[in-house]
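Numbering (our numbering), first residue to last: 1 to 399. Positions of the beta carbon are idealized from the N, C-alpha and C atoms, including for glycine. Everything below concerns the one structure shown next.
Encoded structure:
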C-alpha cells in the first residue's frame, strides 16, 4: 500500500497560508462585482439597530408633525363651521416663508439601491451656486453662518471637518431608538397657540419649545414623507434632516474603512484561519478555535463601529467562513485520508497508543529509525512455539 507524505509543521503553515490567500482572492471577486454591497448595507443597518451609534440624539431637537390626527382634527374643525384654527389673515406659505427665512436648504435626498435612506448630499450645485442641504443650512445658521469648503472627501467648515464618501455623500448616523426626538402634533401646537391667545391653558407648555431646534414636517401616511432607514421602515423624512443636524452638532460621524485597509484585514483573517485549520489536532479544538475567531471578529466590528469606523462586516465574516470551509475540505481530503489509511494498516500490528502517537507525530514514520538510550524487556509466552507449529500463519497472526 502506498501512502502520501504527511505535511510537516512548516508544510501545514504554508498550505494554510496558500488556502487563505486563495479564499481572499475569491472574496475579492465577490467584492468587485458588487455582490457583497447589499449585504454590507444591511449589516450597517443592524449595527445602527444595536445602538452602537449611541442611544439618543441631542435633547434640543424636536419635531412638529402634521400627522393623521392633525389632518383629521383640522378637517373636523373645518366642518364645524369655525374659521380654520382662527387665522386672522391668509398669506401664501411660499411667500411668507421666503420673506421670513434666515436661510434656505435643499430637502431632496435619494435612497440607496435597496430603497433605504442612509446617505445625504450636504451640498447641491445649481449653475454657479452651491446650495446646502437642509441639515447643513440649519447647522450653519446655529454656528453663525460659518464658511464651508468642499475639499477631497471632506466638507471643511470653520469648526469641523465632515467626512464624505467617494460620491460626496454624508453617511448619516442613525440612533437606535428610531423615535429619538420628542414629537408634537401640529394641530395641538396650533390649538396651544390659540389657547394662549385667549388666556386659556395650552396643551403644550411654551417651555417644550424654548431654545429648541424645531423641524416641521409630515408623518401622515397619505402625505408620502415616510422613509425607510436603518432603524425604521417608516421614518419621517424631516427626522432624517434632524439627524444630520444632530450628527453635525455632536460630531458623530461614521467613516467607512478604506479599501486597502479592509483588503489587508480580509487577507489576514483568511490566512490565519487557513493556518489554524491545518494545524488543528482535532475537530473539537478546530471548532472551538473558529468560534473564538468568529466572536473576536464580531466584537472587533462592533467596537470599531462604536468608535466611528464602519468595517465591512460581511467581507470579514465571509473571509473567515470561506477559509474555514476550504481548508477543512482540503485537510480532510489529504491528511484525513492518510491518517485513516495508516490507522487501518497498523491496527493489526501495533497498539492504539502507538498509532495515535504516529498520527500526532507523522515525522516518526520514516526508514532508518533513530538512535535512543532505552531499557528493553524481553519476554516470551509459555508454549507459544509448539502452539504456533500446529497453526497456519493466518491463525498465528490472529492469535
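Tell me the DSSP secondary structure of residue i in three-state form.
i: residue 120; result: strand
i: residue 330; result: helix
i: residue 351; result: coil
i: residue 391; result: coil
i: residue 254; result: coil
i: residue 298; result: helix
i: residue 110; result: coil
i: residue 286; result: helix
i: residue 305; result: helix
i: residue 82; result: In this predicted model, residue 82 has a pLDDT of only 37, less than 50, meaning its place in the structure is not dependable; the value taken from the coordinates is given anyway. If DSSP states are grouped into helix, strand and coil, residue 82 belongs with coil.
i: residue 378; result: coil
i: residue 218; result: strand
i: residue 6; result: Low per-residue confidence applies at residue 6: pLDDT is 48, beneath 50, and the placement is therefore not dependable, though the value from the model is reported in the following sentence. Coil, per DSSP.
i: residue 89; result: Low per-residue confidence applies at residue 89: pLDDT is 35, beneath 50, and the placement is therefore not dependable enough to give any value.
Could you check whether residue j and residue i sit closer than 9 Å to each other, using their CB atoms as the reference points?
i: residue 172; j: residue 107; result: no
i: residue 16; j: residue 274; result: yes
i: residue 308; j: residue 61; result: no
i: residue 23; j: residue 270; result: yes
i: residue 132; j: residue 122; result: yes
i: residue 19; j: residue 326; result: yes
i: residue 49; j: residue 230; result: yes
i: residue 267; j: residue 41; result: no
i: residue 300; j: residue 311; result: yes
i: residue 153; j: residue 166; result: yes
i: residue 280; j: residue 289; result: yes
i: residue 105; j: residue 150; result: no
i: residue 328; j: residue 277; result: yes
i: residue 190; j: residue 85; result: yes
i: residue 316; j: residue 262; result: yes
i: residue 224; j: residue 238; result: no
i: residue 181; j: residue 51; result: no
i: residue 249; j: residue 136; result: no
i: residue 244; j: residue 139; result: yes
i: residue 453; j: residue 117; result: The first residue shown for the chain is 1 and the last is 399, placing residue 453 beyond what the model contains.
i: residue 399; j: residue 388; result: yes
i: residue 197; j: residue 141; result: no
i: residue 147; j: residue 158; result: yes
i: residue 297; j: residue 320; result: yes
Counting C-beta neighbours from all protein chains within 10 Å, is the total for residue i 16 or more, i.e. buried, or is it exposed?
i: residue 130; result: exposed
i: residue 79; result: Any reading at residue 79 is ruled out, since the residue's pLDDT is 44, under 50, leaving its predicted position unreliable.
i: residue 27; result: buried
i: residue 213; result: buried
i: residue 144; result: exposed
i: residue 305; result: buried
i: residue 251; result: exposed
i: residue 184; result: buried
i: residue 392; result: exposed
i: residue 192; result: buried
i: residue 186; result: buried
i: residue 408; result: Outside the modelled stretch of the chain, which goes from 1 to 399, sits residue 408, for which no answer is possible.
i: residue 331; result: buried
i: residue 318; result: buried
i: residue 254; result: buried
i: residue 390; result: exposed
i: residue 382; result: exposed
i: residue 43; result: buried
i: residue 5; result: The pLDDT assigned to residue 5 is 44, lower than 50, so where the model puts this residue is not dependable; a value taken from the coordinates is nonetheless given after this. Per the 10 Å Cβ criterion, exposed.
i: residue 303; result: exposed
i: residue 379; result: exposed
Starting from residue i and walking both ways along the alpha helix (DSSP H), at which residues does that stretch end?
i: residue 27; result: 9–32
i: residue 209; result: Segment: none, residue 209 is in no alpha helix (DSSP H) and carries neither H nor E.
i: residue 236; result: Careful: residue 236 lies outside any alpha helix (DSSP H), inside the beta strand (DSSP E) at 232–236.
i: residue 371; result: Where residue 371 is concerned, there is no enclosing alpha helix (DSSP H), given that its DSSP letter is neither H nor E.
i: residue 100; result: 93–100
i: residue 278; result: 259–279
i: residue 128; result: Taken as a continuous stretch (DSSP letters only), residue 128 belongs to no alpha helix (DSSP H), as it is neither H nor E.
i: residue 47; result: 37–49
What are the start and end residues of the beta strand (DSSP E) that includes residue i?
i: residue 227; result: 226–229
Consider the C-beta atom of residue i and the heavy atoms of the ligand FAD; say whether any pair is separated by less than 8 Å.
i: residue 50; result: The ligand FAD is not part of this structure, which contains no ligands at all.
Is the CB of residue i under 9 Å away from at least one CB in chain C?
i: residue 296; result: Absent here is chain C; the protein component of the structure consists of one chain.
Identify every run of the alpha helix (DSSP H) within the stretch 132–203, keeping only runs that are complete inside it and at least 4 residues long; order them along the chain. 134–142 and 186–197
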